[in-house]
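Below is one structure, written out as structure tokens, with a few remarks after it.
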Amino acid sequence: MKVTILGAGAIAGAHAEAVRELSARGGPVGVRLTHVVDVDPGRAAAFAAEHGVPHHGTDLQALLDAGEVDVVHICTPPSVHLDAAVAALRAGAHVVVEKPAVLSLAEADALAAAERQAIDAGLPGRFTQIVQHRFGAGIQRLRRMLDDGTLGAAYVAQCDTLWFRTPEYFEVPWRGRFDTEGGGTTMGHGIHQFDLLLAVLGPWTEVRAMAGRLARHTDTEDVSTALVRFAGGTMATITNSAISPRQTSRLRFDTEAATVELEHLYGYDDTSWTITPAAGREDVAEAWAADAAATHEASDGGASGHLAQLVPTYLALAERRTPPVTVADTRATLELAAAIYKSAFTDATVRSGEIVEGDPFHASMAGSGTPWPPVKDVPSAG
């Protein structure tokens, strides 16, 4: 399978390393990173030299038309994702896109329609989004132990993405804007952790949220918080911040039998997890430890990361099966993001399924407008 990376920015390096490692491992899927494409020819050339990519250029469509792309990894700013993904699907190429996959529920629906049209036309291309934290061993262990009843019911959850981004970080023109980044720290940062929350707890029923632009020169929020009730009864809190000096990414699940906690920053392994059993339920901690020991070597120590996701993804694509993460999964996570924004900006509880076509928050995470004026085009006083 011939792989092209679109966009030669920072995150593209993680994709190149993962594809190179996947290729080195061999196995049933032959993978070759053949091209890198970027609007800046100098940046594409430098990336190709650094990562050993044979070809570089500026025109993805020409490669698609020539049949040179089996899989495209889209690593551009988010506002470019939809058009690039649709073009690739129409050409019969598979699409692997960085988060957020698209900027809104309307764009997610357009993406789903494009994939369906490709399938109906008999084209092989399928879509998937990078949500690499779903593929660490610990999160899969947690899901199994909830599904099989070992942990009992999940009562309470906490989901925190507390990061720190300097004012200079937001000087990049496309950052801090709803029309190019999709949102602020909720869409740009917190989406990884609350995607995991959804992967573990399943559908939610209602959200009550607040958001603020407290410290950064952006059009978007730099802090948001939400209360979420899940269909299974779990009550959860979500906090997203771009202005927290001690950075952490954290999940906590209080279940009938134990408290299970994950703390990391940008990636985790088995050492990032702790389990505290309820009184008399030491057997649960023992079961967790036994499973971790049994899967440690095969799962690279339980590490999350792009490679952990690409291994099963490429196998599914090669076998013409649905990849582990689908457009529907992507849309579900975006719906929770949209609900957080709608609740925060309208001061109302938002229920699952209520943001449909015609709702301003279906077209944009900003809805009809933020409670604060845009400032990105106004020089910062600082």
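For the sequence shown, the UniProt record's numbering begins at 1 and goes up steadily by one. All C-beta atoms in this analysis are idealised placements derived from N, C-alpha and C, irrespective of residue type, glycine included.
Out of the options, point me to the one whose CA is closest to residue i's CA.
i           : options               : result
residue 303 : 269, 335, 276 and 334 : 269
residue 13  : 26, 74 and 63         : 74
residue 222 : 339, 370 and 43       : 370
residue 220 : 170, 202, 339 and 117 : 170
residue 116 : 132, 202, 90 and 208  : 90
residue 123 : 93, 152 and 109       : 93
residue 177 : 293, 321, 290 and 79  : 79
residue 25  : 311, 378, 379 and 335 : 311
residue 277 : 266, 256 and 336      : 256
residue 156 : 236, 286 and 3        : 236
residue 286 : 33, 258 and 225       : 258
residue 378 : 152, 300 and 216      : 216
residue 376 : 225, 55, 179 and 299  : 179
residue 29  : 336, 313 and 334      : 313
residue 233 : 299, 153, 336 and 300 : 153
residue 330 : 294, 273 and 195      : 195
residue 4   : 68, 208, 275 and 172  : 68
residue 275 : 142, 98 and 118       : 142
residue 299 : 161, 187, 224 and 140 : 140
Would you tell me roughly how many angstroms separate the C-alpha atoms of residue i and residue j, rounded to the nearest one?
i           : j           : result
residue 349 : residue 271 : 37 Å
residue 52  : residue 87  : 26 Å
residue 15  : residue 280 : 45 Å
residue 366 : residue 345 : 8 Å
residue 244 : residue 227 : 20 Å
residue 11  : residue 21  : 16 Å
residue 18  : residue 316 : 16 Å
residue 386 : residue 364 : A query on residue 386 cannot be resolved here, the shown segment of the chain reaching from 1 to 382 and no further.
residue 340 : residue 165 : 21 Å
residue 193 : residue 138 : 14 Å
residue 147 : residue 38  : 44 Å
residue 76  : residue 309 : 19 Å
residue 167 : residue 125 : 40 Å
residue 172 : residue 218 : 11 Å
residue 40  : residue 293 : 47 Å
Could you please give me the residues that DSSP links to residue i through a beta bridge?
i           : result
residue 260 : 253 and 275
residue 71  : 3 and 94
residue 248 : 162
residue 209 : 226
residue 37  : 6 and 57
residue 128 : 96
residue 216 : Answer by DSSP bridge pairing: none, since residue 216 is not bridged.
residue 156 : 235 and 254
residue 350 : 207
residue 32  : 2
Taking a contact to mean a Cβ-Cβ separation below 8 Å, would you say residue i touches residue j in this structure?
i           : j           : result
residue 145 : residue 71  : no
residue 229 : residue 263 : no
residue 242 : residue 184 : yes
residue 253 : residue 200 : yes
residue 204 : residue 352 : yes
residue 306 : residue 130 : yes
residue 372 : residue 250 : no
residue 58  : residue 325 : no
residue 81  : residue 96  : no
residue 360 : residue 368 : yes
residue 174 : residue 247 : no
residue 338 : residue 355 : yes
residue 84  : residue 60  : yes
residue 150 : residue 284 : yes
residue 108 : residue 327 : yes
residue 36  : residue 48  : yes
residue 362 : residue 62  : no
residue 8   : residue 44  : yes
residue 296 : residue 240 : no
residue 334 : residue 100 : yes
The beta strand (DSSP E) spanning residue i covers which residue range?
i           : result
residue 230 : 223 to 230
residue 141 : That residue, residue 141, is in no beta strand (DSSP E); its alpha helix (DSSP H) goes 137 to 147.
residue 361 : Unbroken run through residue 361 is the alpha helix (DSSP H), 360 to 363; no beta strand (DSSP E).
residue 236 : 235 to 241
residue 306 : Element bounds for residue 306: not the beta strand (DSSP E) but the alpha helix (DSSP H), 306 to 318.
For the alpha helix (DSSP H) holding residue i, just list the boundary residues, first then last.
i           : result
residue 366 : Here residue 366 belongs to no alpha helix (DSSP H), and DSSP marks it neither H nor E.
residue 282 : 282 to 295
residue 266 : That residue, residue 266, is in no alpha helix (DSSP H); it is neither H nor E in DSSP.
residue 200 : 191 to 201
residue 341 : 327 to 346
residue 116 : 105 to 120
residue 179 : 178 to 181
Check whether the Cβ of residue i lies closer than 8 Å to any Cβ atom in chain C.
i           : result
residue 209 : No chain C appears in the structure shown, which is made up of a single protein chain.
Any heavy atom of the ligand SAM inside 7 Å of the beta-carbon of residue i?
i           : result
residue 162 : Ligands are entirely absent from the displayed structure, and the ligand SAM is therefore not among its contents.
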